Amino acid sequence: MSIIEVKKLKKEFKVKLKEKGFKGTIKSIIKPKYKKIKAVNDVSFSVEKGEMIAFIGPNGAGKSTTIKMLTGILHNDSGSIKVMDLDPKKDRKQLAYEIGCVFGQKEQLWTHLTPYDNFKFFGAVYDIPETVVEKKINELKELFELDSFIDTPVRNLSLGQRIRCEIVASLIHEPKILFLDEPTIGLDPVVKDNIRKLIKRMNKEYKTTIFLTSHDVSDIEKLCKRVIIINKGKVVLDDSMENLKYHYLNKKILDCKCKEEVNLSGEEGINIIKNKGVNLKIEVDTNKKSISDALKLLNPDNIIDINISNVPLEEIISNIYNDGE
Amino acid sequence: MRKYFYIFKTELMSNLNYVFNVLFSFIGYFIHILVFFYLWSYIYSDSSQVINGYSKSQMIWYVIITEVIWSVLAGRSFCRKISEDVKSGNITYNLNKPYSYIGYLLSSKMGEMSISFVLYFIGAIILGLIFLGSLPSINIIQFIIVLLSCILACIISAFLIIIIGLFAFYIEDTGPFYWVYSKVILIFGTIFPIEFFPGILKNILSYSPIYVVSYGPAKLFVNFSYIESIKILIAQVIYIIITYLLCLLIYKKGEKRLNVNGG
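Protein chains in written order, with our numbering: chain A, 3 to 327; chain B, 11 to 273.
As structure tokens, then:
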């Protein structure tokens, strides 16, 4: 059963048009002209229970707008949304009990209070009895390793600690779906990795469905099995991570060190990325040339060392973004 | 209801960090009262004189109380905060919580105000005693009624400011509206009692919010009567209902217009 069901979702924004300069400003005051921008244009997808899904796209693609419609903050113009069989537009308050949101760029914690007081506050907001909140806090404290700073005011926490608390705060009411909007923004690699592990553990433990947006490709790579890419308000790809990685571009990178120089220019299906004499880096399009053919061209006897790798996911994704241009 | 009490409590806890700010802002209050003390002392040629039904000491106590209500409210920053929340889209983080935004605003404002309310009230009474030597004749029950009326006045003022703040759904800058509001309250509500104004204006004022947000509680404090107190409390309850419904109306209409870009 799908937990989120979106069909033909559309949202338009009215944006005031302004001509340049002083005259333009005066004109736009007297007779404002508006332009309609299709922020989200015919988006459909569904998410299964317990899935970890990456919802990505370039800036201005309509990601945040979609999330805001899913959580009932913004109202869609047309199309239908069902989140846990609720219509976010009509049942926003009811839906709020079922979902949690973490926005990496905003803080929802009270900065003068300790994480513990904050969690108690969120417990009360979601009508959870005192004793249950205590138990839940203890449980999440273990899971997210908050023990050393649960009694330190939030303003004195490091960003990594704060984000952990933000996530815990949005889990107090045991949401079925967690929306994570760039949760690792501004964090160092170690902390990022830590947060990812915690998110993964949480998904396993509570079967929480996770809806993640991020510009950090390794977030997506490490967490999500499925990815939806959206660009200019349209879904351009909805596929499993595996497919995206191994089949979408059908390209491999060969990085080799040879005994003698090899001239591969002009070969079909081979793109030379770097050629520094005996050090060669090429991209092979496996649709046009198999890896074995490429190896033959290089001559196995000539190879000292070789590394065959996939095109980095980052590149695949930026390629997809650019295709939409 | 528990969640609103919790919002109140959490905001109160959070604001205990600002106790010293409150004490500092009291200096400003002190200067205001000082100015009015000398002004009225100058106007009242001898202390037994009565102007429009107010003796000198009643007049000054009136200003002391209305200034407390006005200062405790700290309306400008409250109004600005609401408008900024609406314009910047920060309001969204309140929209996906299971509480009413208006209820959240009021209970957090009450939490914020309660510390300065207590400190200002104590400070103001001490100040009045130093300047004037004695309290108006009032017993403990009457004093509690006055306090209750002051609290209700704060609630109504908070609603009025929420209304102005929520105009941000429709217009760019709510500053000018707040400016007009604050000046009207200052002139017609804080400095002079309603009795000082000519006929028609006096009638209008006694039905306006000014009657319930500043005149009422202050008048009760300087010249208590049970009949007057019932009249004022009933008027305050009616105003709370009206202003709350107005907040709700503006919010419900505005929410549909909400545009949040980016982030």
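Think of the CB as a built atom: it goes at the ideal place given N, C-alpha and C, for glycine as much as any other residue. What you are looking at is a predicted structure, and each value in this text was computed from that prediction instead of being measured.
- One alpha carbon belongs to A/Met204, the other to B/Val247, and they sit about 48 Å apart.
- For B/Ile244, the enclosing alpha helix (DSSP H) starts and ends at 236-267.
- The beta carbon of B/Lys119 sits closer than 7 Å to those of Phe88, Ala168, all from its chain and outside the five residues before and after it, given in chain order.
- If you ignore the 5 residues before and after B/Gln68, its C-beta comes within less than 6 Å of the C-beta of Val232, all in its own chain and listed in chain order.
- Per the C-alpha coordinates, the member of A/Asp295, A/Ile187, A/Ile32 positioned closest to A/Lys20 is A/Ile32.
- If the five residues before and after A/Thr68 are omitted, its C-beta is found closer than 6 Å to the C-beta atoms of Val42, all from its own chain and listed in chain order.
- Note on B/Ser81: 16 or more other CB atoms within 10 angstroms of its CB, so buried under the neighbour-count rule.
- Taking CB atoms only, B/Tyr191 has no neighbour in chain A less than 8 Å away.
- For A/Thr27, the uninterrupted alpha helix (DSSP H) run begins and ends at 23-32, by DSSP.
- DSSP links A/Phe123 through a beta bridge to no other residue.
- Partner residues in the beta bridge of A/Ile83, as assigned by DSSP, are A/Val8.
- Excluding the 5 residues flanking it on each side, B/Gly121 has same chain C-beta neighbours closer than 6 Å at Phe18, Glu21, Leu22, in chain order.
- Inclusion of A/Ile308 and A/Leu256 in the CB contact set at 8 Å is warranted, their separation being smaller than that value.
- According to the DSSP assignment, A/Arg228 belongs to the beta strand (DSSP E) that extends over 228-233.
- Per the coordinates, the alpha-carbon of B/Val32 lies some 42 Å from the alpha-carbon of A/Ile179.
- Contact check for A/Val8 and A/Ser46: beta-carbon distance about 6 Å, within the 8 Å limit, so the pair qualifies.
- Taken through DSSP and simplified to helix, strand or coil, A/Leu246 comes out as helix.
- Taking 7 Å as the cut-off between beta carbons, none of the residues of the stretch 253-266 of chain A comes near chain B.
- Along the stretch 119-144 of chain A, the positions whose C-beta sits under 7 Å from a C-beta of chain B are Asp119, Phe123, Ala126, Val127, Tyr128, Asp129, read in chain order.
- For A/Met54, the enclosing beta strand (DSSP E) starts and ends at 54-58.
- Note that the C-beta distance between A/Lys51 and A/Thr215 is not below 8 Å.
- C-alpha of A/Ile275 to C-alpha of A/Lys199: approximately 35 Å in a straight line.
- Pairing B/Glu238 with B/Ile251, the inter-Cα distance amounts to about 20 Å.
- For B/Tyr221, there is no enclosing alpha helix (DSSP H), as DSSP gives it neither H nor E.
- Check the Cα spacing between A/Thr154 and each of A/Glu207, A/Ile130, A/Ala126, A/Asn120: the tightest is with A/Asn120.
- For the pair of segments examined, the stretch 55-71 of chain A was found to touch the stretch 226-237 of chain A: the number of CB pairs separated by less than 8 Å reaches three.
- Listed along chain A, no residue sits closer than 7 Å to B/Leu157 by beta-carbon distance, the nearest being about 27 Å off.
- By the rule that beta-carbons nearer than 8 Å mark a contact, B/Tyr109 touches chain A.
- Under the 8 Å criterion on CB atoms, A/Cys103 is classed as interfacial with respect to chain B.
- Neighbourhood of A/His77 in chain B, by CB distance below 9 Å: Glu265, Lys266, Leu268, in chain order.
- Counting only Cβ-Cβ distances below 9 Å, B/Ser124 has no contacts in chain A at all, with the closest Cβ about 16 Å away.
- When secondary structure is reduced to three states using DSSP, A/Tyr208 falls in the helix class.
- When secondary structure is reduced to three states using DSSP, B/Gly99 falls in the coil class, being assigned neither helix nor strand.
- With respect to A/Gly81, A/Lys12 sits close: the two C-beta atoms are nearer than 8 Å.
- Sequence-distant partners of B/Val73 (beyond 5 residues in either direction) whose C-beta falls short of 6 Å from its own C-beta, in its chain, are Phe46.
- A/Ala98 is not a Cβ neighbour of B/Arg12, given a cutoff of 8 Å.
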